[in-house]
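In the UniProt record's numbering, the protein residues as written are 1 to 112. Everything on this sheet refers to the single structure shown next.
Pasting the structure below:
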(Lines of atoms letter the chains of each structure in order from A and count residues from 1; the text may use other names and numbers.)
(Lines give C-alpha, C1' and ligand atoms only; values in the text may rest on other atoms or scores of the structure.)
Protein backbone atom coordinates (compact mmCIF):
# COMPACT_ATOMS: atom_id res chain seq x y z
CA UNK A 1 0.00 0.00 0.00
CA UNK A 2 1.30 3.46 -0.89
CA UNK A 3 2.26 6.00 1.76
CA UNK A 4 -0.02 9.01 2.17
CA UNK A 5 0.68 12.43 3.59
CA UNK A 6 -0.73 13.71 6.85
CA UNK A 7 -2.82 16.14 4.79
CA UNK A 8 -4.35 13.14 2.96
CA UNK A 9 -5.22 11.57 6.31
CA UNK A 10 -6.91 14.78 7.45
CA UNK A 11 -9.26 14.58 4.46
CA UNK A 12 -10.92 11.47 5.96
CA UNK A 13 -13.52 12.70 8.45
CA UNK A 14 -13.91 9.96 11.08
CA UNK A 15 -16.45 10.72 13.81
CA UNK A 16 -18.18 8.95 16.65
CA UNK A 17 -21.93 8.51 16.69
CA UNK A 18 -24.59 6.69 18.69
CA UNK A 19 -26.85 4.14 17.01
CA UNK A 20 -30.41 5.43 17.40
CA UNK A 21 -32.17 2.52 15.74
CA UNK A 22 -31.27 -0.62 13.85
CA UNK A 23 -33.10 -3.31 11.94
CA UNK A 24 -32.31 -6.39 9.92
CA UNK A 25 -31.83 -5.83 6.18
CA UNK A 26 -33.32 -9.01 4.67
CA UNK A 27 -33.06 -7.71 1.08
CA UNK A 28 -29.25 -7.48 1.26
CA UNK A 29 -27.21 -10.06 -0.67
CA UNK A 30 -25.22 -10.90 2.49
CA UNK A 31 -26.71 -10.69 6.01
CA UNK A 32 -26.67 -7.05 7.10
CA UNK A 33 -28.16 -4.60 9.55
CA UNK A 34 -29.45 -1.11 8.73
CA UNK A 35 -28.52 1.57 11.27
CA UNK A 36 -29.47 5.18 11.90
CA UNK A 37 -26.66 6.94 13.74
CA UNK A 38 -26.59 10.32 15.54
CA UNK A 39 -23.32 12.11 14.72
CA UNK A 40 -24.14 15.21 16.78
CA UNK A 41 -25.52 18.65 15.90
CA UNK A 42 -22.94 19.52 13.23
CA UNK A 43 -23.53 16.40 11.10
CA UNK A 44 -26.86 15.06 12.32
CA UNK A 45 -28.35 11.64 11.74
CA UNK A 46 -26.91 9.40 9.02
CA UNK A 47 -27.96 5.92 7.93
CA UNK A 48 -25.95 2.94 6.76
CA UNK A 49 -26.08 -0.79 6.31
CA UNK A 50 -23.28 -3.06 7.47
CA UNK A 51 -22.48 -6.76 7.44
CA UNK A 52 -22.06 -7.01 11.20
CA UNK A 53 -24.45 -9.87 11.98
CA UNK A 54 -21.73 -12.23 13.23
CA UNK A 55 -21.44 -10.28 16.51
CA UNK A 56 -24.41 -7.91 16.65
CA UNK A 57 -28.18 -7.85 16.50
CA UNK A 58 -30.25 -4.71 15.98
CA UNK A 59 -31.08 -4.77 19.70
CA UNK A 60 -27.42 -4.86 20.79
CA UNK A 61 -26.48 -1.98 18.47
CA UNK A 62 -29.03 0.58 19.71
CA UNK A 63 -27.34 2.97 22.15
CA UNK A 64 -23.82 1.86 21.17
CA UNK A 65 -21.25 4.44 20.10
CA UNK A 66 -19.39 3.52 16.90
CA UNK A 67 -16.89 5.14 14.56
CA UNK A 68 -17.67 6.08 10.97
CA UNK A 69 -16.37 7.97 7.96
CA UNK A 70 -18.89 10.76 7.40
CA UNK A 71 -17.50 12.45 4.29
CA UNK A 72 -17.77 9.69 1.67
CA UNK A 73 -20.52 10.26 -0.90
CA UNK A 74 -23.75 8.30 -0.34
CA UNK A 75 -23.77 4.81 -1.84
CA UNK A 76 -26.73 2.75 -2.95
CA UNK A 77 -26.76 -0.64 -1.19
CA UNK A 78 -29.64 -2.52 -2.81
CA UNK A 79 -32.77 -0.47 -2.11
CA UNK A 80 -31.08 1.39 0.77
CA UNK A 81 -28.95 4.55 0.51
CA UNK A 82 -25.91 4.34 2.80
CA UNK A 83 -24.69 7.76 3.98
CA UNK A 84 -21.78 6.78 6.24
CA UNK A 85 -19.16 4.01 6.35
CA UNK A 86 -18.99 2.42 9.80
CA UNK A 87 -15.55 1.14 10.76
CA UNK A 88 -14.67 -2.31 12.01
CA UNK A 89 -12.07 -5.05 12.08
CA UNK A 90 -12.28 -8.68 10.98
CA UNK A 91 -11.96 -11.27 13.71
CA UNK A 92 -10.39 -14.72 13.20
CA UNK A 93 -13.54 -15.96 11.39
CA UNK A 94 -13.99 -12.78 9.28
CA UNK A 95 -16.84 -11.50 11.47
CA UNK A 96 -16.78 -7.71 11.78
CA UNK A 97 -16.11 -6.13 15.17
CA UNK A 98 -17.09 -2.46 15.19
CA UNK A 99 -14.66 0.24 16.31
CA UNK A 100 -15.80 2.32 19.25
CA UNK A 101 -14.34 4.56 21.96
CA UNK A 102 -13.63 2.84 25.27
CA UNK A 103 -15.28 5.73 27.18
CA UNK A 104 -18.36 7.77 26.23
CA UNK A 105 -17.58 10.90 24.18
CA UNK A 106 -19.85 13.52 22.60
CA UNK A 107 -21.53 12.45 19.36
CA UNK A 108 -19.72 14.01 16.43
CA UNK A 109 -16.30 14.02 18.14
CA UNK A 110 -13.65 13.73 15.42
CA UNK A 111 -10.90 11.15 15.52
CA UNK A 112 -7.41 12.65 15.64
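No residue lacks a Cβ here, since even glycine has one placed at the ideal position from N, Cα and C.
| Check | Outcome |
| --- | --- |
| In this structure, does DSSP put residue 38 in helix, strand or coil? | strand |
| List the endpoints of the continuous alpha helix (DSSP H) containing residue 61. | 58-61 |
| Quick check: what's the CA-CA separation for residue 45 versus residue 81? | 13 Å |
| Have a look at residue 112 and residue 10 and give me their C-alpha separation to the nearest angstrom. | 8 Å |
| Which of helix, strand or coil does DSSP assign to residue 89? | strand |
| Out of 16, 7 and 29, which has the shortest C-alpha to C-alpha gap to residue 102? | 16 |
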